[in-house]
Every structure is written in C-alpha cells, then in structure tokens.
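Trainee: My structure is below; once you've seen it, I'll send some questions.
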Amino acid sequence: MSQSKLKLPTRPRSYRFAMTPLADAMFQLLIFFMLTSSLTPYSLLTLQTPAEAPQEDQAGLGPSPAPQAPSTPPDTAIWTLDAETIVVGGQDFTFDDLDALADALGTEAAPGNVVILIRDTARVQDVTTVLARLSGANVGSVRVAQGAQ
Numbered sequence: 001m002s003q004s005k006l007k008l009p010t011r012p013r014s015y016r017f018a019m020t021p022l023a024d025a026m027f028q029l030l031i032f033f034m035l036t037s038s039l040t041p042y043s044l045l046t047l048q049t050p051a052e053a054p055q056e057d058q059a060g061l062g063p064s065p066a067p068q069a070p071s072t073p074p075d076t077a078i079w080t081l082d083a084e085t086i087v088v089g090g091q092d093f094t095f096d097d098l099d100a101l102a103d104a105l106g107t108e109a110a111p112g113n114v115v116i117l118i119r120d121t122a123r124v125q126d127v128t129t130v131l132a133r134l135s136g137a138n139v140g141s142v143r144v145a146q147g148a149q
C-alpha cells in the first residue's frame, strides 16, 4: 500500500539583504577618507605681478606690448592671515572685526580687491572663515598666496 504524503504549502524563499557588511565597508571608507584628507597638502596660488606675467599677442607669435593701466585702479588690500588674527596695515585684528574690515573695502559700485597672504601658523579653518565672510561682502576678487614666515 502506498502512502500518500500530504504536501503542505511552502512559502517562497525570500533572500534577505544583509546590511552589516555594507555598513562595515562604509565605515572603513569614512575612516580612510578622514585620515587621507588631512594628509593632502593645500596648494596656494603664487603671486605674479602683471610685469612678471608673460603676455603674448593674439596670434601667439610673441610678446605684445603691456596693456595700459586703468585710469582709476581698484583698491587692493593686502591682508596677512596668522593664527586667528588678521594683520592689515600693521594692525592686528580678530575675526570679530572681519565684517567691518570687509565692509571698508568698497561699495557695490566699486568693489575692492583683497590679497590674503597666509602664514604657516594659520589653520585651514581660519582660511575658510575669512573666505566665507568675504564671499558675502562687497569684494571684487580675493587672491590667496603663501606668505613669509
């Protein structure tokens, strides 16, 4: 006599996605990028006056005559950024005075320009703070250069 087996309904097999290996990989990448970002040197722009800059004519055949200086050149302020201080005209200012310094640079009609000389003691956060505050002020252009020690 053959026995018939009663078949019970089976649930379709569901595959679960394991989040633990994914989270482990994300944390490893996070730690890797946090460590390597502080090892990357921050490059600074070198200052080059218009007299030093090589100029070529439009055809690229040779140097062209130097352009005429504008009749009213825009004011350019030179700031030296040190550890949590800004030196302007030989006077030390804190970051609390930065808004007043930026407002004194110019107006909307005639924005002033700033050259920031960064000393070795300045931190990256100091540079970021100065650039963020200058972005909202009446400043035509901001140039960053490495300053002397």
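According to full-length UniProt numbering, the sequence shown holds residues 1 to 149 in order.
Think of the CB as a built atom: it goes at the ideal place given N, C-alpha and C, for glycine as much as any other residue.
Just so it is clear, the structure is predicted and the values come from calculations on it, not from any experiment.
#1: Here's the rule: buried if 16 or more other CB atoms are within 10 angstroms of the residue's CB, otherwise exposed. What is residue 22?
#2: Whose C-alpha, out of 122, 7 and 77, is nearest the C-alpha of residue 102?
#3: Closest by CA to residue 81, which one among 121, 5, 112 and 96?
#4: If you check the beta carbons only, do residue 136 and residue 75 fall under 8 Å apart?
#5: Relative to the C-alpha of residue 118, which candidate in 105, 26, 25 and 87 has its C-alpha closest?
#6: Return helix, strand or coil for residue 130, following the three-state DSSP convention.
#7: Just curious, the alpha helix (DSSP H) that residue 30 is in, first and last residue?
#8: What is the DSSP secondary structure of residue 135, reduced to helix, strand or coil?
#9: Please identify the residue among 139, 17 and 97 whose C-alpha is closest to the C-alpha of residue 115.
#10: Is residue 144 buried or exposed, if buried means 16 or more other CB atoms sit within 10 Å of its CB?
#11: Any idea which residues DSSP pairs residue 143 with across the strands?
#12: State buried or exposed for residue 147, treating a residue as buried only when at least 16 other CB atoms are found within 10 Å of its CB.
#13: Have a look at residue 142 and residue 84 and give me their C-alpha separation to the nearest angstrom.
Mentor: In terms of the structure at hand:
#1: Under the 10 Å beta carbon count, residue 22 is surrounded by fewer than 16 other beta carbons and is classified as exposed.
#2: If we check each option's Cα against that of residue 102, 77 comes out closest.
#3: Residue 81 has its Cα closest to that of 121, out of 121, 5, 112 and 96.
#4: Result no, Cβ atoms of residue 136 and residue 75 do not sit closer than 8 Å.
#5: For the residues 105, 26, 25 and 87, the minimum Cα distance to residue 118 belongs to 87.
#6: Residue 130: helix per DSSP, three-state reduction.
#7: Here the alpha helix (DSSP H) through residue 30 covers 20 to 37.
#8: Correct three-state label for residue 135: helix.
#9: Comparing Cα positions, the closest option is 139.
#10: Residue 144 should be labelled buried.
#11: For residue 143, which the question treats as bridged, DSSP gives the partners 115.
#12: So residue 147 counts as buried.
#13: Distance between the alpha carbons of residue 142 and residue 84 is about 19 Å.
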